[in-house]
Amino acid sequence: MVYDEQNVFSKILRGEIPVNSVYEDEYALAFEDINPQAPVHLLVIPKGSYVSLDDFTMKASEKEVAGFFMAVGQVAREAGLSESGYRILANHGNDANQEVPHFHVHIVGGRNVGKMISLKDN
Ligand code: 5GP
4 MVYDEQNVFS KILRGEIPVN SVYEDEYALA FEDINPQAPV HLLVIPKGSY VSLDDFTMKA
64 SEKEVAGFFM AVGQVAREAG LSESGYRILA NHGNDANQEV PHFHVHIVGG RNVGKMISLK
124 DN
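For the sequence shown, position 69 (counting from the first letter as 1) is numbered 72 according to the numbering used here, and the numbering increases by one without interruption.
The following block contains the structure:
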């Protein structure tokens, strides 16, 4: 799995593309999705260069993995979603229609987001 340094989230990490960021620490950056699917739709990305969850869990250190997922929880709390609820989701590869090849977790909430994600064919 070769990481493409020109992907949009890599550019965001380098400060080449502006985002509405909501959280940052040494392991993660979180920002608003440009095309929100719910009243709250945030993306959390690791600081390191990983293509997807598959790459991340193969190559990242335990500290990076722990730091990243602690950040996901923190971002959701800071967004005020702990009580009402929220969904996290991560796409890996073609069958999941992953668009940006830098690992990211979506946090969606702010309304009832339904019982299941869409599993319909494209
Ligand atoms: P994926 O399908 O890869 O899981 O999701 C990629 C997400 O990144 C999409 O929800 C899309 O709206 C978001 N996205 C793509 N380009 C940009 C961008 O330049 N800025 C922001 N904030 N989000 C982006």
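All residues carry an ideal CB built from backbone N, CA and C; glycine is no exception.
Predicted model, so just to flag it, every value in this text is computed and none were measured.
**Whole-angstrom distance between F71 and S64, CA atom to CA atom** = In the sequence shown, residue 64 corresponds to position 61, counting from 1. In the sequence shown, residue 71 corresponds to position 68, counting from 1. Computed Cα separation, rounded: 11 Å.
**Item:** Presumed contact (8 Å Cβ cut-off) between A74 and Y30, rounded CB distance
**Value:** Indexing the sequence shown from 1 puts residue 74 at position 71. Indexing the sequence shown from 1 puts residue 30 at position 27. Right, the Cβ-Cβ distance comes to about 6 Å (below 8 Å), so this counts as a contact.
**Message:** Whole angstroms are fine: how far does the CA of E8 sit from the CA of G51?
**Reply:** By 1-based counting over the sequence shown, the position of residue 51 is 48. By 1-based counting over the sequence shown, the position of residue 8 is 5. Near 11 Å, if we compare the C-alpha coordinates of E8 and G51.
**Asked** Leaving out the 5 sequence neighbours to the left and right, which residues in its chain are closer than 8 Å to L84 when beta-carbon positions are compared?
**Response** Mapped onto the sequence shown, residue 84 falls at position 81. Result list for L84: V43, I110, G112, G113, in chain order.
**Message:** Is any non-hydrogen atom of the ligand 5GP found closer than 6 Å to the C-beta of Q77, if you look at the structure I gave you?
**Reply:** Numbered from 1 along the sequence shown, position 74 holds the residue referred to as residue 77. Relative to the ligand 5GP, Q77 has its C-beta separated by 6 Å or more from all heavy atoms.
**Message:** Please state whether the Cβ-Cβ distance between P104 and N38 is less than 7 Å.
**Reply:** Along the sequence shown, read from residue 1 onward, the residue named residue 104 stands at position 101. Along the sequence shown, read from residue 1 onward, the residue named residue 38 stands at position 35. No, the Cβ-Cβ distance between P104 and N38 is not below 7 Å.
**Message:** For a test of your reading of the model: does the CB of I91 fall under 6 Å from any non-hydrogen atom of the ligand 5GP? Yes or no.
**Reply:** The sequence position of residue 91 within the sequence shown is 88, counting from 1. No, Cβ of I91 sits at least 6 Å from all heavy atoms of the ligand 5GP.
**Request:** Let me know the secondary structure DSSP gives E67 once reduced to three states.
**Result:** Counting from one through the sequence shown, the residue named residue 67 turns up at place 64. Helix at E67.
**Close Cβ partners of E67 (< 7 Å) along its chain, the five nearest in sequence each way excluded** = Sequence index remark: in the sequence shown, residue 67 carries index 64 (1-based). Closer than 7 Å at Cβ, skipping near neighbours: Y30, P49, G51.
**Request:** Just tell me which of M119, H107, D28, N115 has its CA closest to the CA of V36.
**Result:** Along the sequence shown, one-based indexing puts residue 36 at 33. In the sequence on display, residue 36 carries Asp and not Val. Answer by Cα proximity: H107.
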